Amino acid sequence: ATPTALMVGTGRGAKMGILIKNGEVLEEVNDVKTVVMDKTGTITNGKPEVTDIVGDSQQVLKLAAALEESSEHPLATAILDKAKADNVQADKADSFQAIEGKGVEAIVNGQKAFVGNDKLLNDVKISADLENKMVQLQNEAKTVVFVGLNQEVIGMIAIQDAPKATSKEAIATLKARGLRTVMLTGDNERVAQAIAQEVGIDEVIADVLPGDKADHVEELQKNGKVAFVGDGINDAPALTMADVGIAMGSGTDIAIESGGIVLMKNDLRDVAKALELSKKTFNRIK
Ligand code: ADP
Ligand code: MG
């Protein structure tokens, strides 16, 4: 009867767009205490858009677009789209260097240029005005990147990635089932808190470097079994580390490979459904 129950369970899941890739996760589901979620592309749409540019917008975009041409980060796509929409021709850049969790550096017109968050600034100083503006934008749930040349910031770009329409309901359901909900993100603390508040998540772990996500999952596992939901390259180790790894179908191949469950509809509400289905299936197998 065991394989039959598993087949029925997985078949039912597949009809709902929930792929249970390996039966092993089923054993863990009963004891899951915490659901940890990535932000970009998991809780949010993953389609960030430029909303504000501080500084000479043409100059800022020209330089930022030059730097982002080498990057596949969703923020890079947002900046390139904005440059295109505004008919801004990017400067020429070379010697690109992606700085994990921080941004991009390159040489533009023989000078060192950068685009990225405050961690990339090192000893580059910013004015109090600029800092106040940054805080204001971040409190509006906008990710802020600085654009600079020659150790000097020439402007800021604010980028917004709205929560999926169903994320709030999804999190309310998980909480109603007594699960602890946590957001784990590489984005800034203020932005993460603003999004968390919008969707009702009560715990935020922000400013996490890509290589450190799995370590945070391991830490959370001290309080019981953990399900991790993610979509990015940087989520793959956390998906593997978690007791139940749940990948978004829209995610990168490596995330999908690392997840034991894949949500084909990319709807966060399917996390609760997947847990429920797995529980039922497992209890039938037992
Ligand atoms: P996430 O968890 O949102 O996927 P990442 O680790 O990919 O986080 O990025 C964290 C932060 O690093 C971004 O919010 C941004 O501030 C900065 N960053 C990373 N890549 C870029 C880039 N190509 N351009 C500008 N900023 C970047
Ligand atoms: Mg993501």
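Just so we're on the same page, the numbering used here is the position in the sequence shown counted from 1, plus 16. Each residue gets a CB set at the ideal place from its N, CA and C atoms; glycine is no exception. Note that this is a predicted model, so its numbers are computed, not measured.
In this structure, what does DSSP give as the bridge partners for residue i?
i, result
"M199", "M53 and V220"
"M280", "DSSP lists no partner for M280."
"G132", "G119 and F162"
"F306", "One cannot answer for residue 306 here, as it falls past the ends of the chain, which runs 17 to 302."
"D68", "A174"
"Q127", "V124"
"P179", "T60"
"L190", "Its beta-bridge partners do not exist; DSSP assigns none."
"I36", "I277"
"V169", "G164"
"A109", "V124"
"A114", "V120"
Can you give me the Cβ contacts of residue i inside the same chain, cut-off strictly under 6 Å, excluding the 5 residues immediately before and after it?
i, result
"G33", "M280 and K281"
"I187", "T197, V215, G216 and I217"
"A17", "In this prediction, A17 scores a pLDDT of 46, lower than 50, which makes its location untrustworthy; the coordinate-derived value is nonetheless stated afterwards. Correct list: empty, nothing qualifies."
"G275", "L255, G261, I262 and A263"
"E156", "none"
"Q348", "Residue coverage of the chain in this structure runs from 17 to 302, which leaves residue 348 outside it and unanswerable."
"V245", "M53, T58, I262 and V287"
"I272", "A263 and V278"
"L195", "V51"
"R193", "none"
Is the separation between the beta-carbon of residue i and that of residue j shorter than 8 Å?
i, j, result
"T60", "I262", "no"
"E121", "Q127", "no"
"G171", "G267", "no"
"M257", "E234", "yes"
"N204", "N133", "yes"
"P64", "I142", "no"
"V163", "Q154", "no"
"D247", "D97", "no"
"V131", "G119", "yes"
"D259", "K238", "no"
"L137", "L79", "no"
"T58", "L284", "yes"
"I173", "I95", "yes"
"I301", "A21", "yes"
"A109", "A129", "yes"
"L190", "V51", "yes"
"K135", "V207", "no"
"V169", "L146", "yes"
"P19", "G62", "no"
Since I believe residue j is in contact with residue i (beta carbons under 8 Å), could you give me their beta-carbon distance rounded to a whole number of angstroms?
i, j, result
"D177", "T56", "6 Å"
"I277", "K49", "I277 to K49, Cβ: 17 Å. No contact."
"G202", "P226", "6 Å"
Please return the same chain residues whose Cβ sits closer than 7 Å to the Cβ of residue i, not counting the five positions on each side in sequence.
i, result
"A99", "L77, A81 and A106"
"K229", "L200, N250, D251, P253 and A254"
"V41", "V260, G276, I277 and S294"
"V104", "Q74, L77, K78 and A81"
"S87", "A114 and V120"
"E84", "A92, I95, L96, V120 and V131"
"D102", "L77"
"G39", "L22"
"D47", "G240 and K241"
Who are the near neighbours of residue i in its chain, counting only those whose CB is closer than 8 Å to its CB and skipping five residues on each side?
i, result
"A290", "G29, I34, I36, I262, I277 and L279"
"V24", "T297 and R300"
"Q209", "V220 and A222"
"L236", "T50, V52, V198 and V242"
"K184", "E214, V215 and G216"
"E304", "This structure gives no information on residue 304, because the portion of the chain shown stretches from 17 to 302."
>> As a quick check of your reading: which residues have a C-beta less than 5 Å from at least one non-hydrogen atom of ligand 2, in chain order?
In response: D54, T56, G57, D247 and G248
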